[in-house]
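Numbering (mature numbering (1 follows the signal peptide of the UniProt record, and there is no 0)), first residue to last: -22 to -1, 1 to 231.
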């Protein structure tokens, strides 16, 4: 029996309502923190991540003729919304890259600087400064085929059991968020506040550092920084957090 146009319209509206409900249920990791930690993130004079932001601003302007600013101008204007759109497919590289990798492209290829190791303070400072310019804006992953293909691979990895504990990301952050694990509340695992300052680390860290920590926690083989599976997971997490406001630099326990 064929459905009438009215029935199809009602069905479409039901799907839209379900999608909206699912989106409304999303919670930033900051909502699972204690009030003192939330206050630390909200107040730029208390947020320790702002120390990296200040260093990033200095690095942005360093070198009058060969600085980031000499090409891109004032980051408050030119970098507005940029961090919210990464990871993204890069035609020159022929693959999806993260914000950190894009910064490295400029530093090495345009400025002639030596390559940085992942999660160095210098690289995290620039990431933090650029990410700050998107604070409050919605996460907006690109819709091109390359980026969406990476996100789909990341979605599959998110649901794949790994390690000696035979656990997946989804088991914690989709199925058991809000419950306790070793005394800490499990968040939903949205990546809208990176780079973050973790009190546990006593320093800033990237999303990949957090992903690799989780893999270590379930006793899985940990891929090297910037491995494709880590970039794919970042692409999926960006799509999963689409529309949520950017909070960088975040603070977490």
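Every residue, glycine too, gets a C-beta built ideally from N, C-alpha and C.
Here the structure is a predicted model, which is why all the values come from computation and not from measurement.
Selection 64, 118, 67 evaluated against residue 220 yields 118 as nearest (Cα-Cα). Just measuring C-alpha positions, the residue of 190, 128, 169 sitting nearest residue 67 is 128. In this structure, DSSP gives residue 20 a helical state, which the three-state scheme calls helix.
Residue 145 and residue 88 have their C-alpha atoms spaced approximately 42 Å apart.
Cβ-Cβ distances below 6 Å link residue 141 to 196, 197, 198 in the same chain, with the five nearest sequence neighbours on each side left out; the list follows chain order.
Judged by DSSP secondary structure, residue 99 falls within the alpha helix (DSSP H) whose first and last residues are 99 to 110. By the criterion of a C-beta distance shorter than 8 Å, residue 39 is surrounded in its chain by 45, 46, 47, once the five residues flanking it on both sides are discounted. No Cβ-Cβ contact shorter than 8 Å links residue 208 with residue 180. In the pairwise beta carbon analysis, the segment 56 to 70 is classified as touching the segment 99 to 117: at least three pairs are separated by under 8 Å.
Residue 22 holds the alpha-carbon nearest to the alpha-carbon of residue 106 among 132, 22, 121. DSSP places residue 67 in the uninterrupted beta strand (DSSP E) bounded by 66 to 68.
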